[in-house]
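Our numbering puts the first residue of the sequence shown at 1354, with every later residue one more than the last.
Have a look at the structure below before the remarks.
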Amino acid sequence: MAADAAPPRRRPLPVTRFLLAGGLANVLYAVLFLSLAPLGGQPANLAGAVASSTLANELHRRSTFRAGARVGWLTAQWAGSGIALAGWAMSAAALGVLEAAVVDPSPATGAVLVLSVTATVGLVRFIALRWVFRPARPARPTLAGAA
């Protein structure tokens, strides 16, 4: 390699890009949840879930799965809404249990609980997407005429 040639640039692994996108979306969620907590846990959760899911879907479309040129914004939002809805339902249920079990839980406790549920859903989502979008295995070569 020539002295002035730059080393090849290494691209982050999909899991790294997935975690970064999810981390940014979770920061947005936490800010919205904590800001809207005076309205109640469930409304704050819904607003945070909608905004953070929209951001995560777009970041995954463009960065994680590098599908920006192949998949449009609306298609990505529609496709990502199923898992987002399931995650929201699970986080709403977790918040309901928290609010029933703890008298006046702090907004930070609710946010940590929801982010934990969201992280678990995100991990399952990543594993599922990696399995669904795995490259096709090439066919095994066979020996011609072998009996």
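A virtual CB, placed ideally from N, CA and C, is assigned to each residue, including glycine.
Return the Cβ separation of residue i and residue j in integer angstroms, given the expectation that the two are a contact with Cβ distance under 8 Å.
{"i": "Leu1468", "j": "Ala1383", "result": "7 Å"}
{"i": "Pro1460", "j": "Ala1390", "result": "4 Å"}
{"i": "Leu1366", "j": "Leu1412", "result": "With 8 Å as the limit, Leu1366 and Leu1412 do not qualify as a contact, their Cβ atoms being about 15 Å apart."}
{"i": "Ala1404", "j": "Gly1375", "result": "The Cβ separation is near 14 Å, so there is no contact."}
Excluding five sequence neighbours on each side, which residues of the same chain lie with their C-beta closer than 6 Å to the C-beta of residue i?
{"i": "Arg1370", "result": "Ser1416 and Thr1417"}
{"i": "Ala1402", "result": "Trp1441"}
{"i": "Ala1437", "result": "Ser1406"}
{"i": "Val1474", "result": "Gly1440"}
Going by DSSP, what residue range makes up the alpha helix (DSSP H) through residue i?
{"i": "Val1403", "result": "Gly1394 to Leu1412"}
{"i": "Val1450", "result": "Trp1426 to Ala1454"}
{"i": "Thr1369", "result": "Pro1367 to Leu1389"}
Between the options, which lies nearest to residue i when the distance is taken from Cα to Cα?
{"i": "Arg1364", "options": "Ser1434, Arg1419 and Gln1430", "result": "Arg1419"}
{"i": "Ala1397", "options": "Ser1444, Leu1476, Thr1473 and Arg1478", "result": "Ser1444"}
{"i": "Ala1446", "options": "Thr1407, Gly1463, Gly1375 and Gly1435", "result": "Gly1463"}
{"i": "Leu1466", "options": "Gly1449, Leu1476 and Ile1480", "result": "Gly1449"}
Give me, in chain order, the residues of the same chain whose beta-carbon lies closer than 8 Å to that of residue i; leave out the 5 immediate sequence neighbours on both sides.
{"i": "Ala1472", "result": "Gly1375 and Asn1379"}
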